[in-house]
Amino acid sequence: MEQHPIPQNISSYQFRLVGDMTLKQFFQLAGGFLVGLIFYSSPLIGIIKWPFAIFSVILGAAMAFVPLEERPLEKWIFAFFKAIYSPTLFKWKKTTETPKFFLDETPTSNIPASQSQSQDAALKTYLESTRGSTGPLAKLEMAEQGFLAALTGIFAGVKTPVAKEEAPATAPTAPKKLEIPVTVPVKISPLLPTHLVVEEKPLPISLTTQIQTQHVNPVIAGEEIVSTKEAIFSIDATPPNPPTYPNVVVGQVVDEARRIIEGAIMEVRDEYGRPIRALRSNKLGHFVAVTPLDSGIYSIISEKDGYQFMPVNFEAKGDIIPPILVEGRKLVETSVQEVNQPIVN
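Residue numbering for the sequence shown follows this note's numbering, beginning at 152 and increasing consecutively.
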């Protein structure tokens, strides 16, 4: 985990304009060397000018490159002279005058008393005149005053009466006579529980039919009835890498003269005629199945142009199957020439 960088004060950042030095450091260093050069060029005695020249150069380099407690040396020099020449003793003198900010402010009014009294009287008369009006504003003011009085009474803990608006008096009307409906009692007899009687009738005996089953052999569409033969196992048909797993089909395809047949297509079918594997013989006539078969009865159907093969049957029992020799018979092509003979009447 990377550490967070230490925050830096970017407001006092100074650009480095002369190599790795800021402009201020360059002037401090150059000033020290310049003062040392002046002392060196002066006609003073060597005992005097050499110490001053060396001290000026060292002071300039220290002010430029040697900070003390993360502060430049120039700040320490300024703080030193300021502390020497600033006063260190202070005398306290008691003052009898109270500061203005401790005094209470008294409101001053430039309006004469007679004028203020006349203004108050005019305001009261105006308010009395507005109270007597019966407009919508007067009703609103009365509602506001009642609400404020109730609110102040809640805070004060005293319930104040609220002024209510008197409703206009109306002539009393005779109360309407209510019609009371007459109810007649009716006697309801209780319902007696009813019992359902279920009558069970025997079903008529139906005639049982005898079902006869007949075994039907499965018929596969497109399958032709061909003659087959049992597989011939031969050591000569063993491929260079014999099988080491059970139920793996290997073998070799040859003709009747035991010559190798290359490129023959073999199709391994189960006992129901479904294709399971498809193999092809290599240049040496060998064929090898990559994955083992399930235990059962299988047949090998071979095809090759110019050859005729009979299906070979074998059984996989969970053991290593010996190499199978598939023999094909070469077809002889015969051509028939037709001779057109003229018809003689």
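Glycine included, each C-beta is placed from N, C-alpha and C at the ideal position. What you are looking at is a predicted structure, and each value in this text was computed from that prediction instead of being measured.
Same chain only: Cβ atoms within 7 angstroms of Y191, ignoring 5 sequence neighbours per side: Residue mapping note: residue 191 aligns to position 40 of the sequence shown, counting from 1. Cβ within range, chain order: K200, A204.
For Q459, the nearest candidate out of L174, H155, V404 (CA to CA): Working through the sequence shown from its first residue, we reach residue 459 at position 308. The option with the nearest alpha carbon to Q459 is V404.
Cβ contact check for the region 460-471 and the region 423-433: 3 or more pairs under 8 angstroms: no
Residues sharing a beta bridge with M417, DSSP: Position 266 of the sequence shown, counted from the first residue, corresponds to residue 417. Looking at the DSSP assignment, M417 forms a beta bridge with L430, S453.
D171 versus F252 - alpha carbon distance: On the sequence shown, position 20 is the one that residue 171 refers to. On the sequence shown, position 101 is the one that residue 252 refers to. Cα-Cα distance, rounded: 56 angstroms.
Inter-residue Cα distance where the pair is V483 and I448: Against the sequence shown, residue 483 aligns to sequence position 332. Against the sequence shown, residue 448 aligns to sequence position 297. Between V483 and I448, the C-alpha separation is close to 33 angstroms.
D406 (DSSP reduced to helix, strand or coil): Residue mapping note: residue 406 aligns to position 255 of the sequence shown, counting from 1. Here D406 sits in strand by DSSP.
Closest by C-alpha distance to N398, when choosing among P443, M461, P390: As a working note, residue 398 is residue 247 in the sequence shown. N398 has its Cα closest to that of P443, out of P443, M461, P390.
Backbone secondary structure at F241 - three-state DSSP: In the sequence shown, the residue the question calls residue 241 occupies position 90. Correct three-state label for F241: coil.
Alpha helix (DSSP H) segments (min. 4 residues) lying fully within the region 192-238: 197-216, 224-236
Whole-Å CB distance - A408 paired with K455, under 8 angstroms assumed: By one-based count along the sequence shown, residue 408 stands at place 257. By one-based count along the sequence shown, residue 455 stands at place 304. No, A408 and K455 are not in contact; Cβ-Cβ is about 15 angstroms, not under 8 angstroms.
Spatial distance of D445 from I427 (CA atoms): Along the sequence shown, one-based indexing puts residue 445 at 294. Along the sequence shown, one-based indexing puts residue 427 at 276. Going from the Cα of D445 to the Cα of I427 covers about 10 angstroms.
Buried versus exposed, by CB contacts within 10 Å (16 or more), F465: By one-based count along the sequence shown, residue 465 stands at place 314. Counting Cβ neighbours within 10 Å, F465 comes out buried, since at least 16 surround it.
Residue environment, S280, which counts as buried when at least 16 other CB atoms sit within 10 Å: Sequence index remark: in the sequence shown, residue 280 carries index 129 (1-based). It counts as exposed.
Beta-ladder partner(s) of G479, from DSSP: To locate residue 479, count along the sequence shown from 1; it is residue 328. Its beta-bridge partners are D406, F460.
Selection from A234, L185, L180, V186 that minimises the alpha carbon distance to G211: Looking up residue 211 in the sequence shown gives position 60. Of A234, L185, L180, V186, the residue nearest in Cα terms is L180.
8 angstroms Cβ cutoff met for V419 and I451: Counting from 1 along the sequence shown, the entry for residue 419 is found at position 268. Counting from 1 along the sequence shown, the entry for residue 451 is found at position 300. Yes, the Cβ-Cβ distance between V419 and I451 is below 8 angstroms.
Chain-order list of residues whose beta-carbon lies under 6 angstroms from that of F232 (same chain, five-residue window excluded): The count along the sequence shown starts at 1 and reaches residue 232 at position 81. Nothing meets the Cβ criterion.
Rounded C-alpha distance that separates I235 from P156: Here residue 235 refers to the residue found at position 84 of the sequence shown. Here residue 156 refers to the residue found at position 5 of the sequence shown. Cα-Cα distance, rounded: 40 angstroms.
Same chain, Cβ closer than 8 angstroms to S357, five either side skipped, listed in chain order: Residue mapping note: residue 357 aligns to position 206 of the sequence shown, counting from 1. Per-residue confidence for S357 stands at a pLDDT of 42, beneath the threshold of 50, marking its modelled position as unreliable; no derived number is given.
Span separating the alpha-carbon of V367 from that of E422: Taking the first residue of the sequence shown as position 1, residue 367 is located at position 216. Taking the first residue of the sequence shown as position 1, residue 422 is located at position 271. Because V367 carries a pLDDT of 38, less than 50, the predicted location of this residue cannot be relied on, and no value is offered for it.
Where D171 sits in the DSSP three-state scheme: Here residue 171 corresponds to residue number 20 of the sequence shown, with the count starting at 1. Correct three-state label for D171: coil.
Residue closest to L185, alpha-carbon to alpha-carbon, out of S207, P393, P194, I198: On the sequence shown, residue 185 is found 34 positions in, with the first residue counted as 1. The shortest Cα separation from L185 among S207, P393, P194, I198 belongs to S207.
Euclidean distance between Cα positions of F438 and M417: Here residue 438 refers to the residue found at position 287 when the sequence shown is read from its first residue. Here residue 417 refers to the residue found at position 266 when the sequence shown is read from its first residue. Looking at the two C-alpha atoms, the distance is approximately 9 angstroms.
Nearest candidate by alpha-carbon position, reference P394, set K245, G424, D406, V441: Residue numbering aside, residue 394 sits at position 243 when the sequence shown is read from its first letter. Selected option, being the one with the closest Cα: V441.
When Q296, F178, F384, P223 are compared against L463, the one with the closest alpha-carbon: Here the question's residue 463 lines up with position 312 in the sequence shown. Note on residue identity: the sequence assigns Val, not Leu, to residue 463. Comparing Cα-Cα distances from V463 to each of Q296, F178, F384, P223, the minimum goes to F384.
Sequence-distant residues of its chain with Cβ nearer than 6 angstroms to S193 (five each side left out): As a first step, residue 193 must be located in the sequence shown, where it is residue number 42. Excluding sequence neighbours, S193 sits near K200.
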